[in-house]
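First up is the structure itself, then whatever we jot down about it.
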Amino acid sequence: MNKLKLYWSLQIGGWLLFAIVQILGFIFLGGQLLKTSQVIFWLLEAITFLLITHLFRRFIINWGWLAFNMAKLIPRVLLAVFGLGLTVYFIRVLISFPLGMFNPQVWKISNVVGLTMVYALIFFLWSVLYFIYHYFERYNLSLQHEAAINEIELNNLKSQLNPHFIFNALNSIRALVDENPVKSKNAITQLSNILRNSLVSDKKRLTNFEDELKTVKDYLGLESIRFEERLRTRFEIHRESYKFLVPPLMLQTLVENGIKHGISKLKEGGIIDLRTFVTDSQLKIEIRNSGHFKSVNGAKAENKGGLGLRNTRQRLKLLYGGEASLIVKNESKNIVLTELVIPKRN
0 MNKLKLYWSL QIGGWLLFAI VQILGFIFLG GQLLKTSQVI FWLLEAITFL LITHLFRRFI
60 INWGWLAFNM AKLIPRVLLA VFGLGLTVYF IRVLISFPLG MFNPQVWKIS NVVGLTMVYA
120 LIFFLWSVLY FIYHYFERYN LSLQHEAAIN EIELNNLKSQ LNPHFIFNAL NSIRALVDEN
180 PVKSKNAITQ LSNILRNSLV SDKKRLTNFE DELKTVKDYL GLESIRFEER LRTRFEIHRE
240 SYKFLVPPLM LQTLVENGIK HGISKLKEGG IIDLRTFVTD SQLKIEIRNS GHFKSVNGAK
300 AENKGGLGLR NTRQRLKLLY GGEASLIVKN ESKNIVLTEL VIPKRN
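Just so you know, the sequence shown maps onto residues 0 to 345 in numbering that gives the first Met the number 0.
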């Protein structure tokens with residue numbers, strides 16, 4: 000149902016219910032015989048409320064009241080509903096003449112003020128419901144807009160990472176083709192697996208930890224061909240880790256970062272040690288690599304990093320807010336520790 004249909008359904012249904020409640024109240028509480036003129040009077044009264052609230056809605060939209068803050072809105076609404084209540088009072092008097100229901104007592108000040116306040120209260124309640132609806136509608140639209148922006152930014156971040164990763168993998172295979180054709184075929188198979196996962200990941204915000212781990216192992220398999228005995232790997236995976244979802248290619252990016260900025264700069268090479276821990280519905284991933292993480296201009300090392308680390312932090316912020324964290328620091332003189340904490344998500 001679109002907004003216009005919803006609006007008229009609520010308007011007609013609500014004011015019709017208002018008339019029915021008055022008629023039933025008169026039947027069960029009034030103790031008098033219900034006349035046709037009284038039924039017509041209450042139906043016309045409901046139509047009057049419907050028309051006036053509709054005109055009031057147009058006034059609210061045209062004069063931009065939906066954009067007002069509470070300090071500007073409340074006094075205007077109070078003044079408006081009192082004027083509308085007084086208007087309905089006099090319209091009811093006019094309706095009563097042709098139906099033979101006019102009573103001179105309607106001109107008493109106490110009656111005018113009393114019933115006007117009752118009608119003003121009815122209009123005030125209608126206004127509250129109307130503004131609440133639009134508040135939540137704007138809130139939902141803002142959430143949709145923010146989600147769309149986040150989705151675009153996430154895709155941009157992934158598009159920056161994928162070419163960088165693919166070019167490095169192709170360089171590894173190129174170095175192997177002439178030296179060992181058999182291994183190069185295996186490397187091409189590993190690369191095809193990585194590319195397939197990469198293409199699938201472009202359509203998903205999160206992927207299974209198991210699939211991400213396979214991508215990491217395929218990537219390390221390619222790099223081990225290039226580094227040979229200079230690259231050593233070790234895995235300790237908690238069995239509960241496979242129940243988690245992780246951002247696609249995030250682990251691969253962190254492992255690649257350790258090789259590029261750590262192991263590749265060491266003549267003797269080094270080790271990639273990946274371990275996972277599960278505590279309190281959180282997945283903690285520790286990646287250790289040989290090397291040294293340098294601070295920049297005296298700043299803390301864990302707050303700095305290249306494109307891969309900056310993109311990873313931004314992706315975590317977009318996906319999890321403040322629930323996820325990434326820290327890169329020197330654990331010892333020759334070991335860099337990358338700690339990634341991810342909450343459980345469906």
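For glycine and all other residues, C-beta sits at the position ideal for the given N, C-alpha and C.
Taking 8 Å as the cut-off, the beta carbon of residue 52 is found no closer than this to the beta carbon of residue 88. Residues of the same chain with a CB within less than 7 Å of the CB of residue 269, apart from the 5 flanking positions on each side, are 261, 262, 288, 289 and 290 in chain order.
Three or more Cβ pairs closer than 8 Å define a contact, and the region 171 to 187 meets that threshold against the region 214 to 227. Annotation: the continuous alpha helix (DSSP H) that includes residue 71 extends over 69 to 95. With 16 or more other Cβ atoms from the protein chains shown falling within 10 Å of its own Cβ, residue 255 counts as buried. Taking residue 265 as the centre and dropping the five residues before and after it, the same chain places the C-beta of 289 and 290 closer than 7 Å to its C-beta, in chain order. Contact annotation: residue 325 and residue 344 have beta-carbon atoms that are not nearer than 8 Å.
Residue pairing from DSSP places residue 272 in a beta bridge opposite 233 and 287. When secondary structure is reduced to three states using DSSP, residue 3 falls in the helix class. The alpha-carbon separation between residue 33 and residue 83 amounts to approximately 28 Å. Per DSSP, reduced to three states, the secondary structure at residue 342 is strand.
For residue 308, the number of other beta carbons within 10 angstroms of its own is at least 16, and it is reported as buried.
The Cβ-Cβ distance between residue 240 and residue 215 does not fall below 8 Å. Just so you know, the alpha carbons of residue 190 and residue 292 end up roughly 29 Å apart. In this chain, residue 256 is not harboured by any beta strand (DSSP E); it is covered by the alpha helix (DSSP H) spanning 249 to 260.
Assignment of residue 324 by DSSP, reduced to helix, strand and coil, places it in the strand class. Comparing C-alpha distances from residue 92 to each of 78, 110 and 77 shows the shortest one belongs to 110. For residue 281, same chain residues with a beta-carbon under 8 Å away, outside a window of 5 residues either side, are 340, 341, 342 and 343 in chain order. Closest by C-alpha distance to residue 225, out of 249, 7, 195 and 179, is 179. Beta-bridge pairing by DSSP links residue 281 to 278 and 342. One thing to note: residue 14 has its Cβ within 8 Å of the Cβ of residue 45. For the pair residue 246 and residue 3, the Cα-to-Cα distance works out to about 40 Å. Counted as a single uninterrupted DSSP element, the stretch harbouring residue 104 is not any alpha helix (DSSP H), since DSSP gives it neither H nor E. According to DSSP, residue 336 shares a beta bridge with 287 and 328. Between residue 1 and residue 137, the alpha-carbon positions lie close to 16 Å from each other.
If you compare the alpha carbons of 195, 319 and 228 with that of residue 244, the shortest gap goes to 319.
For residue 327, the number of other beta carbons within 10 angstroms of its own is at least 16, and it is reported as buried. Taking residue 284 as reference, the option from 316, 42, 267 and 323 with the minimal CA-CA separation is 323. In the structure shown, residue 244 falls within a strand segment according to DSSP collapsed to helix, strand and coil. When only Cα atoms are considered, residue 317 and residue 74 end up about 40 Å apart.
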